[in-house]
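J.: Converting from the sequence shown to this note's numbering requires adding 1116 to each position, the first position being numbered 1.
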Amino acid sequence: MACRRLAMRRLPLAATPSVALSATSVSSCRQASVRPFSRLSQYKDGLLGSASRNSQQFFNASSIFNLQVRSYASMVIKVPAMAESISEGTLKQFSKKVGDFVLQDEEIATIETDKIDVAVNAPEAGTITELLVEEEATVTVGQDLVKLELGGAPEESGGKQEAAEGESKAPADAVQESGNKQAPPKEEREEGEPPVAPSQEGLGNREEKRVKMNRMRLRIAERLKQSQNTAASLTTFNEVDMSALMEMRKLYKDKVLEKTGVKLGFMSAFTRACVLASRDVPTVNASIEGPDGGDTIVYRDYVDVSVAVATEKGLVTPVVRNAEALDFVGIEKAIAELGKKARDAKLTIEDMAGGTFTISNGGVFGSLYGTPIINLPQTAVLGLHAIKDRPVAINGKIEIRPMMYLALTYDHRLLDGREAVTFLVKVKDYIEDPRRMLLGI
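In structure tokens:
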């Protein structure tokens, strides 16, 4: 049974009006040989017994003998486990400082990883006594972060109030003193002397600002360079007529919104088209694994689509799980939820782990043409671009149609050009005739 052993020193009767007994050591034991509060009672009774009856009033708990027993049990808060693939991060900031009281589960620090920001919360209520790590330092899982003294919130003393009152008076005195000071005399210039021309250096500023890359940006740079160095990247292009898909969306978007509360967009159609096309070209959804660049091909009967989302800190790719089992509304709902979590910085490691194929929509930013980079260990990534009205030949006639360029970047180590082109043409066919996606043909 846990107990507290209180080491006390005997105080004379002529002690100060307030006597504070504090616990100087706290330990755990199986059997309590001494009860702390029983011992305090015996000590108090001894003092009262040796004093006269008239002096007994001075030992009232609310006056002279004011017992303030405080626990000094402390704990060390460590860097929490973040994910199997993440072993370290950067301590971005402490949200509390030394001397602050924190509640249980209250956030005390933020750790920035290469994927998400991890909040560190206090497991118990108490007062912070020491910060063991500097901000912007690299920390590892299990490393000591903060020392916390357990216990209730400390009572505010009157000294703080007096200090605050003194501070509030200080500005008025400072203003009065500054008002008595005389302004320095202006520099006199002889009559007829021409004014001094401003220096050439003061006409314009040429400034540079150096900002350290955050951990997410460093990780993005590392992975993109790894992709270029590892994969035999090649990009094939095509263009798709968006007329039929735009007409279908125009006809049914209001009904879908009214019935399901989901806004129907184009991402669900492209996701569904990629899922169906991967049935005919399964290598697009495969990956290379193994030592020394890989020696094993992993094929999958499921499709987890990574959707690229731009945030203030960088690009993230949350994953729509089992996209092959979802319809248009289900895909659109999943993408909307992940996008909101990304913008609110609430994505978890689980939201971004895995992924077998990536879709990147640069068209929302106005991109007309581009070559996306493969998100290793995946084999391919589809890039969508802006929809633009362009003249096209339809049955021997020139017509204006809403057109979009498609770009498929693939790993040539695993995917041949014939397969890549076949996959992209199938995606194009599904988009230009959305009824085929509903029928699964």
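All C-beta atoms in this analysis are idealised placements derived from N, C-alpha and C, irrespective of residue type, glycine included.
(1) Assuming E1535 is part of the alpha helix (DSSP H), what are its boundary residues?
(2) Would you identify the three-state DSSP class for A1523, choosing helix, strand or coil?
(3) Within its chain, find whatever has a CB closer than 6 Å to the CB of L1361; leave out the 5 residues flanking it on each side and keep chain order.
(4) In angstroms, rounded to a whole number, what distance separates the CA positions of A1280 and A1461?
(5) Helix, strand or coil for I1224? Go by DSSP, reduced to three states.
(6) Closer than 8 Å by C-beta to M1519: which residues in its own chain qualify, once you throw out the five before and the five after it? Chain order, please.
(7) I'd like to check one pair, E1240 with L1266: are the Cβ atoms closer than 7 Å?
(8) Whose C-beta lies closer than 7 Å to the C-beta of N1401 among residues of the same chain, with five residues either side of it excluded?
(9) From K1369 to H1501, what distance separates their C-alpha atoms?
(10) Contact defined as beta carbons within less than 8 Å: I believe I1475 pairs with T1387. What is the distance between those atoms, to the nearest angstrom?
(11) With distances taken between CB atoms, is the gap from L1463 to I1232 smaller than 7 Å?
(12) From K1544 to M1198, what does the alpha carbon distance come to, in whole angstroms?
(13) Kindly list the residues whose CB is nearer than 7 Å to the CB of L1113, restricted to its own chain and excluding five residues on each side of it in sequence; keep chain order.
(14) So the alpha helix (DSSP H) K1371 belongs to, where does it begin and stop?
(15) Check the C-beta distance from L1373 over to K1379 and give it rounded, since I have them as a contact under 8 Å.
(16) Would N1491 be called buried (16 or more neighbouring beta carbons within 10 Å of its own) or exposed?
(17) Secondary structure at N1330, three-state DSSP: helix, strand or coil?
(18) Can you tell me the Cβ-Cβ gap for G1409 and T1346, rounded? I've got them flagged as a contact below 8 Å.
(19) What residue does the beta strand (DSSP E) around F1473 start on, and which one ends it?
(20) What's the gap between the Cα of I1514 and the Cα of T1487?
T.: So, from the data block:
(1) 1533-1548
(2) strand
(3) A1385, I1547, P1550
(4) Since pLDDT at A1280 reaches only 48, below the 50 mark, its modelled position is unreliable, and no value is offered.
(5) strand
(6) E1355, V1356, D1357, M1358, I1503, K1504, D1505, R1506, V1508
(7) yes
(8) S1394, R1416, V1419, T1472, F1473
(9) 21 Å
(10) 6 Å
(11) yes
(12) 40 Å
(13) Shown here, the chain extends from 1117 to 1557; a query on residue 1113 therefore has no answer.
(14) 1359-1376
(15) 6 Å
(16) buried
(17) coil
(18) 7 Å
(19) 1473-1477
(20) 29 Å
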